[in-house]
Amino acid sequence: MSNEKLKNYNQKLLALLGTIMTLIAFAVLILVIIMGVSEIKWMLDSGDDEPGILSEERIEELQEENKRLQVVSYDFPSLVDTLNLKYLIPVKHKTLNAAEFIDPDIYGLFDMAGYPQGKIDRRYSSSIYGSFNNLLIYDQKNKTISKLFDKRVNFGEINTNYINEDIIVLMKASSEDTFRDGVINLRDMKSLYLYSFSEGELRNISIEGLDVQYFNFVENTTDLLIQFGIDHNKDGRYDEAYEPSVIKLYNFDNDKLIDVIDKNTSNDLQKLLEGTED
Numbered sequence: 012m013s014n015e016k017l018k019n020y021n022q023k024l025l026a027l028l029g030t031i032m033t034l035i036a037f038a039v040l041i042l043v044i045i046m047g048v049s050e051i052k053w054m055l056d057s058g059d060d061e062p063g064i065l066s067e068e069r070i071e072e073l074q075e076e077n078k079r080l081q082v083v084s085y086d087f088p089s090l091v092d093t094l095n096l097k098y099l100i101p102v103k104h105k106t107l108n109a110a111e112f113i114d115p116d117i118y119g120l121f122d123m124a125g126y127p128q129g130k131i132d133r134r135y136s137s138s139i140y141g142s143f144n145n146l147l148i149y150d151q152k153n154k155t156i157s158k159l160f161d162k163r164v165n166f167g168e169i170n171t172n173y174i175n176e177d178i179i180v181l182m183k184a185s186s187e188d189t190f191r192d193g194v195i196n197l198r199d200m201k202s203l204y205l206y207s208f209s210e211g212e213l214r215n216i217s218i219e220g221l222d223v224q225y226f227n228f229v230e231n232t233t234d235l236l237i238q239f240g241i242d243h244n245k246d247g248r249y250d251e252a253y254e255p256s257v258i259k260l261y262n263f264d265n266d267k268l269i270d271v272i273d274k275n276t277s278n279d280l281q282k283l284l285e286g287t288e289d
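Counting from 1 along the sequence shown, just add 11 to a position and that's the residue number in my numbering.
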């Protein structure tokens, strides 16, 4: 093959490879754009449009017209106690496109979402996520069912913990429209609710003006470390980026909250931060 032909061949080969690389780069760019748009859409959908329950004021307006805007919906039962055949049934709600007149024979459609069934372990936890307004305890063995809440609440996670011989369910829930935006949802101030299967009672762990943020069991105990956010500007909503928080220890046996960081240490740290320490 002459040098001229070899040169032409190499040029054509390079041109072909260049075209292929350009097409691959273009395809990757399109894929990145699609993924980016999907991620942005997910963030928008999961943020501003959080499906909370309506505020008391909005409920009163609807009741005057004998109407409703939300209907009850149930998740598929989740087995939490294999031995005694006890299930959790999360109670959700669906917001209608428009308010409808109340019909006592219509209770909405069932939202059948399956969850893995748990087995008793010495120390194990699992969570169910969504937007819930109540929780049912279904005792299949004794053919009984009971609801945990007797008031209007909204929560987004059902955290089930298997500790020794007990099953403890934890939920961060809002019960008032503290942010005054017309709905009761996780933007509002939250309490921590605890239900023990061995006790059969629901506990409310809360402090006025504080918002439950994070919690975790102390290793090998039923006590809880809880981070509370302080609504410093008193707008009815805790802003983690600009407002402070405190740590408390919840003593399960005594049903009491205890300061983890004592007042003297807190004052010393604040003075050190301000530069006013003696």
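Yeah, the Cβ is synthetic: ideal placement off N, Cα and C, and Gly gets one too. Predicted model, so just to flag it, every value in this text is computed and none were measured.
At least 7 Å separates the beta-carbon of Y204 from that of N196. Distance between L40 and L24, taken at the CA atoms: about 24 Å. Of the candidates S136, T93, E71 and A109, the residue whose Cα lies closest to the Cα of E230 is S136.
Listed as beta-bridge partners of E111 by DSSP are R79. One thing to note: L96 has its Cβ within 7 Å of the Cβ of K152.
Three or more pairs of CB atoms, one per stretch, sit closer than 8 Å, so the stretch 179-199 contacts the stretch 234-252. The C-beta separation of A110 from L80 comes to about 5 Å, placing the pair in contact by the 8 Å criterion. For S202, the three-state secondary structure derived from DSSP is strand. The alpha-carbon of F208 is positioned some 13 Å away from that of K158.
Classified as exposed, F87 has fewer than 16 neighbouring CB atoms from the shown chains inside 10 Å of its CB. By DSSP's assignment, R214 forms a beta bridge with L205. Between L260 and L236, the beta carbon gap of about 6 Å places them in contact (Cβ cut-off 8 Å). Beta-bridge partners assigned by DSSP to K103: S84 and F143. Nearest to I174 by C-alpha distance, out of K274, M200, T233 and V43, is T233. V39 sits in a helix when the DSSP states are folded into three classes.
Using a Cβ distance threshold of 7 Å, Y206 and E168 do not count as a contacting pair. In the three-state reduction of the DSSP assignment, S66 falls in the coil class, being assigned neither a helical nor a strand state. Taking C-beta separations shorter than 7 Å and ignoring five residues to either side along the sequence, the partners of D177 in its chain run S207, F208 and S209, following chain order.
In the structure shown, the three-state DSSP call for E168 is strand. Within the DSSP bridge table, the entry for Q238 names Y225 and I258 as partners.
In this structure, F143 is the residue among N77, L94 and F143 with its C-alpha nearest to the C-alpha of K105.
Sequence-distant Cβ neighbours of E254 in its own chain, meaning closer than 8 Å and more than five residues away, are G240, I241, D242, H243 and N244. Taking all protein chains shown into account, N19 has fewer than 16 neighbouring C-beta atoms within 10 Å of its C-beta and is therefore exposed. When the five nearest sequence neighbours on each side are left out, the beta carbons in the same chain lying within less than 7 Å of the beta carbon of S256 are those of Q224, Q238, F239, G240 and I241, in order along the chain. Going by DSSP, S277 is part of no beta strand (DSSP E) but of the alpha helix (DSSP H) stretching over K274 to E285. Note on K267: under 16 other CB atoms within 10 angstroms of its CB, so exposed under the neighbour-count rule. The DSSP-derived three-state label of A184 is strand. Apart from sequence neighbours up to five positions away, the residues of its chain that approach K201 with a beta-carbon distance below 7 Å are K183, A184, S185, D222 and V223, ordered along the chain.
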